[in-house]
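Beneath this line is the structure, given in structure tokens, with notes to follow.
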Amino acid sequence: MIVEISHFLTILATGLFLLVSYFSLFFKNTKYSSNLVSRTYSHGFLFLCASFLIYVWLAITDNFSVQYIASHSNSELPLFYKISSIWSAHEGSMFLWIVFLSVWGFIFNIRIKNEQILKSNTIGVISLILVGFLLFLLVTSNPFATILPVAPQNGADINPVLQDPALAIHPPTLYLGYVGFVIPFACAISFLINGDPEIKWEKLIRKWSVLAWVFLTVGITLGSWWAYYELGWGGYWFWDPVENVALMPWLAATAFIHSLSVSIKSSNLRIWTILLSISVFSLSLFGAFIVRSGIIDSVHAFANDPDRGLYLLGFISLIIITSISLFVARLSIIKSTGKIKRLSKESFISINNIFFGALIFSVMLGVTYPLFYEYIFDQKIRVGAPFYNALFIPMVVIACLFLFFSIDSKWSRRLNFNLLTSPIVMSVIMAITLTILVSYLFKTTNFAILLAMFSGFLIICRYLIELILSKKYINPFSLIAHAALGLLLISISFNSLLSTERALNIKINEFEEYRGFKIFFQDIKVVKNSNHDSIKALFVIEDQNGKVFNLSPEKRRYLTRGQITTETAIFITPFKDIYMTIGDQLDDGSWIVNLQINYLIRWIWISASLMAIAGLVLIMSRKNI
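Number 354 in my numbering belongs to position 339 of the sequence shown; there are no gaps in the numbering.
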């Protein structure tokens with residue numbers, strides 16, 4: 016009976032959100048109607064949350080009469096994994112996605128006063144999107160479906176790869192980022208519906224947009240870190256299609272936040288700002304389609320289901336076409352009247368938007384081209400790292416150069432400096448010197464790596480000089496975010512330049528040497544756990560300085576599914592990771608062991624985290640930075 020209650024509450028919430036969208040979008044905005052919309056949305060939100068909490072309870076209590084819970088949970092799982100199993104597959108993760116979408120709308124609803132002219136329409140747009148996704152959930156992805164007449168006793172268990180604490184953090188954080196951009200999207204659509212060019216809506220959504228960007232940044236960073244230590248690949252980014260569809264809204268959101276800062280100060284770039292607000296949310300929806308339609312092969316993708324894919328494609332297309340049509344219809348009222356001065360901060364941000372657009376297009380091309388190729392030629396192909404690197408590296412470097420010169424630029428004023436006495440020259444000399452030094456010390460002539468490294472040095476040197484020599488106010492958001500970008504480029508460059516990998520065939524009680532490390536295979540043992548058995552190896556490693564440490568990689572076999580996973584062993588130092596996985600045993604008794612030395616890989620995640628911290632600095636700041 017409790018399953019039916021949860022199901023009914025979701026249906027009831029869908030009906031209330033439908034009423035909200037109807038009254039807010041098709042009735043005149045009055046004090047009474049605004050209050051009605053606000054209260055009705057709150058009730059719909061509470062019903063939806065109650066439904067989700069009941070569903071969590073069903074998972075905790077091992078209610079295997081629910082098909083989804085029976086397929087993705089197990090009675091032997093710890094409580095932590097029983098809860099996180101809810102979003103381990105399509106139906107449950109979609110449910111969480113919708114709940115988070117409603118949460119953003121609810122917080123906006125209670126934080127913004129009813130007198131705000133755009134509030135009612137904004138809530139209406141959010142509600143209409145909620146209705147679309149709720150219908151998708153109830154019709155094509157019903158998480159409330161039951162197994163009758165007899166439920167399984169113990170459940171099929173969660174995917175072993177997902178039996179990790181990161182499952183409780185990475186997907187929810189990423190979802191919060193994805194759906195968080197519904198606020199700027201809905202506000203932009205509300206502004207277009209209203210049709211009054213004097214309405215200043217940009218400042219209203221700035222911190223909302225930055226907060227969503229922070230969640231998206233943290234979510235992508237956590238996903239990269241999780242893949243590194245859990246999947247056994249030993250890398251931080253693999254240009255997997257689902258990684259790419261997360262990267263696209265992040266790029267669009269970054270451009271959007273920059274463009275928004277211009278629109279707040281003047282009407283310049285308002286067209287860019289509205290178009291980017293539509294693009295960010297559209298790309299988030301596109302990501303949902305790619306993952307949940309099953310049309311791509313990915314470690315992240317859910318099972319293939321044509322019904323799901325067709326519904327999502329139609330729904331997302333409707334949102335995009337309607338939004339763009341409204342944008343075109345209102346183009347005359349959102350055109351900026353002012354002229355952007357050359358070499359002003361507005362001009363640099365405009366160029367920035369163009370480059371971000373080019374980056375998005377290149378990623379989109381890499382994701383969609385294999386789909387069209389398969390449809391036309393009935394052959395599967397994959398666009399890999401060489402394609403993306405060839406396009407990304409030059410554009411990122413050029414974008415960094417524009418960023419470098421924009422530091423001295425002013426709002427609505429042409430940049431005017433004496434090149435010979437400017438700190439720009441000092442920064443360039445320092446960056447060139449550091450790059451040449453790296454090339455000499457590490458004996459490399461790899462142009463792409465050195466160019467990316469030079470760009471990183473250039474940004475960091477420029478901000479260091481600015482901090483030391485300048486007495487003017489320095490935007491802390493800009494400082495932390497852009498310096499983190501420089502650090503990211505340097506970390507990636509050193510990681511690509513120095514990291515090494517070797518496959519060892521080694522027997523118990525034997526030594527191997529690699530890159531100054533002495534590796535002793537001491538022992539291997541079988542360990543039995545509640546839901547899996549594991550083969551656990553013990554390696555004693557001595558580095559160049561005589562320091563000794565242990566590494567214990569594992570191979571696990573999960574009892575319920577019979578699935579085998581690889582568990583990495585990592586020794587962490589400030590500047591490098593010693594990364595080890597164990598493979599199969601060969602006929603001669605030796606074991607295949609993969610050993611990697613990954614330089615500065617943790618600084619990649621530190622850099623991304625600093626970007627997120629920069630966003631929090633802006634959100635918490637009372638000063639308009």
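Beta carbons: idealized from backbone N, C-alpha and C, even for Gly.
Near residue i, which residues of its chain fall below 8 Å by C-beta distance, leaving aside the five closest residues on each side in sequence?
i, result
"residue 253", "242 and 400"
"residue 236", "620, 623, 624 and 627"
"residue 289", "203, 206, 207, 342 and 349"
"residue 474", "415, 418, 419, 497, 498, 500, 501 and 504"
"residue 463", "404 and 408"
Use the C-beta contact count for residue i: other C-beta atoms within 10 angstroms, 16 or more gives buried, fewer gives exposed.
i, result
"residue 234", "buried"
"residue 482", "exposed"
"residue 518", "exposed"
"residue 485", "exposed"
"residue 318", "Unreliable placement is indicated for residue 318, whose pLDDT of 49 sits below 50; no coordinate value is reported for it."
"residue 543", "exposed"
"residue 215", "exposed"
"residue 559", "exposed"
"residue 72", "exposed"
"residue 635", "exposed"
"residue 589", "exposed"
"residue 259", "buried"
"residue 55", "buried"
"residue 450", "buried"
"residue 106", "buried"
"residue 218", "exposed"
"residue 561", "exposed"
"residue 21", "buried"
"residue 126", "exposed"
"residue 76", "exposed"
"residue 592", "buried"
Is DSSP giving residue i helix, strand or coil here?
i, result
"residue 379", "helix"
"residue 591", "strand"
"residue 552", "strand"
"residue 395", "coil"
"residue 82", "helix"
"residue 566", "strand"
"residue 584", "strand"
"residue 280", "helix"
"residue 557", "strand"
"residue 439", "helix"
"residue 422", "coil"
"residue 339", "helix"
"residue 451", "helix"
"residue 173", "coil"
"residue 318", "Confidence at residue 318 is low in this model, with a pLDDT of 49, below 50, so the placement of that residue is unreliable and no value is reported for it."
"residue 579", "strand"
Assuming residue i is part of the beta strand (DSSP E), what are its boundary residues?
i, result
"residue 570", "569 to 573"
"residue 540", "532 to 543"
"residue 517", "515 to 521"
"residue 148", "Not the beta strand (DSSP E): residue 148 falls in the alpha helix (DSSP H), residues 134 to 155."
"residue 610", "606 to 614"
"residue 528", "526 to 529"
Provide the residue span of the alpha helix (DSSP H) that contains residue i, from first to last.
i, result
"residue 601", "Here residue 601 belongs to no alpha helix (DSSP H), and DSSP marks it neither H nor E."
"residue 55", "46 to 75"
"residue 217", "217 to 245"
"residue 119", "105 to 126"
"residue 102", "Neither: residue 102 is in no alpha helix (DSSP H) and is coded neither H nor E."
"residue 21", "17 to 41"
"residue 308", "285 to 308"
"residue 188", "185 to 195"
Take residue i and list the residues in its own chain whose beta-carbon comes closer than 7 Å to its own, dropping the five residues that flank it on each side.
i, result
"residue 530", "515 and 612"
"residue 632", "491, 492 and 495"
"residue 96", "173 and 178"
"residue 244", "583 and 585"
So, at 6 Å on beta carbons, what are the nonlocal neighbours of residue i in its own chain, with the 5 sequence-adjacent residues on each side left out?
i, result
"residue 504", "467, 470 and 471"
"residue 513", "614"
"residue 510", "614, 615 and 616"
"residue 171", "86"
"residue 273", "364 and 367"
"residue 553", "537, 538 and 567"
Counting only beta-carbon atoms, is residue i nearer than 8 Å to chain B?
i, result
"residue 451", "Included in the structure is just one protein chain, with no chain B present."
Length-filtered (4 minimum) alpha helix (DSSP H) runs lying within the region 345 to 372: Fully enclosed alpha helix (DSSP H) runs of no fewer than 4 residues occupy 346 to 349 of the region 345 to 372, in order along the chain.
Residue ranges of each alpha helix (DSSP H) within the region 455 to 520, 4 or longer: List check, alpha helix (DSSP H) in window: 462 to 484 and 491 to 513.
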